[in-house]
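Residue numbers (the numbering used here): 1203 to 1423. Beta carbons: idealized from backbone N, C-alpha and C, even for Gly.
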């Protein structure tokens, strides 16, 4: 079994059973649509809250399909097949997460751009926020995948994933939102926050496959 085959299988499953990119994008849009009902429709309030709200909604959109990532593999025996294939489980993890990200999560920065403009952010600030989201999503997806691997096969796995991943995602979400907020107020720290977002996301992307591998090995034993 090759990593490319796992990548393509994950992408096909994302379209066949998870709605492809439509499901997380629709969830993201629905979350943003409900925000004015909760915090009011004052333009100043929406503009100030926009970056943070958009990042939180993006996190929810990533969490939305996380239970399927490894849960179905446990049920149908695919995880055991991966373990017997001779392919390192860290490589399996990379192939599965990248397949899922490229099949389902690519619209989120575009939705974030539109959401930022809708919340009253200047185009430059909304663009900076979209760039920060694009940088954050790979790291966020791998972080959520760790939680998915730890809870694979568990009852109410989606809730467990959210409880594990959400607190750990806070630093990455803070830097992402800060990039958009700093650009909104004309602060030169926007670029620095974008670089911090890239650094944290790269760190998570590089190290998470080994944590996922350890969790899957424990599940197989």
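| Item | Value |
| --- | --- |
| Counted within 10 angstroms of its Cβ, other Cβ atoms place residue 1226 as buried (16 or more) or exposed | buried |
| Bounding residues of the alpha helix (DSSP H) (the contiguous stretch that carries residue 1405) | 1391-1422 |
| Reduced DSSP category for residue 1249 - H, G, I as helix; E, B as strand; rest coil | helix |
| Alpha carbon of residue 1214 to alpha carbon of residue 1300, nearest angstrom | 12 Å |
| Close-in-space but distant-in-sequence residues of the same chain around residue 1189 (CB under 7 Å, 5 per side omitted) | The requested residue 1189 does not occur in the structure, where the chain is confined to residues 1203 to 1423. |
| CB contact flag (residue 1342, residue 1368, <7 Å) | no |
| From 1355, 1325, 1317, 1280, residue whose alpha carbon lies closest to that of residue 1234 | 1317 |
| Whole-number beta carbon distance between residue 1399 and residue 1334, since they are thought to touch under 8 Å | 5 Å |
| The segment 1269-1289 contacting the segment 1383-1397, beta-carbon criterion three pairs below 8 Å | no |
| Where residue 1363 sits in the DSSP three-state scheme | helix |
| Residue 1321, DSSP secondary structure in three states | coil |
| Rounded C-alpha distance that separates residue 1326 from residue 1283 | 48 Å |
| Short Cβ contact (7 Å threshold) for residue 1306 with residue 1253 | no |
| Straight-line gap, residue 1242 to residue 1248 (C-alpha atoms, nearest Å) | 8 Å |
| Contacts around residue 1410, its chain only, beta-carbon distance under 7 Å, and the 5 residues preceding and following it disregarded | 1344, 1345, 1347, 1348 |
| Rounded straight-line distance, which links the Cα of residue 1244 to that of residue 1381 | 22 Å |
| For residue 1292, the first and last residue of its enclosing alpha helix (DSSP H) | 1291-1302 |
| Contact under 7 Å by Cβ, residue 1179 with residue 1415 | One cannot answer for residue 1179 here, as it falls past the ends of the chain, which runs 1203 to 1423. |
| Exposure of residue 1277, with buried meaning 16 or more beta-carbon neighbours within 10 Å | exposed |
| From 1385, 1423, 1351, residue whose alpha carbon lies closest to that of residue 1413 | 1351 |
| Residue burial classification, residue 1377 (beta-carbon count within 10 angstroms, cutoff 16) | buried |
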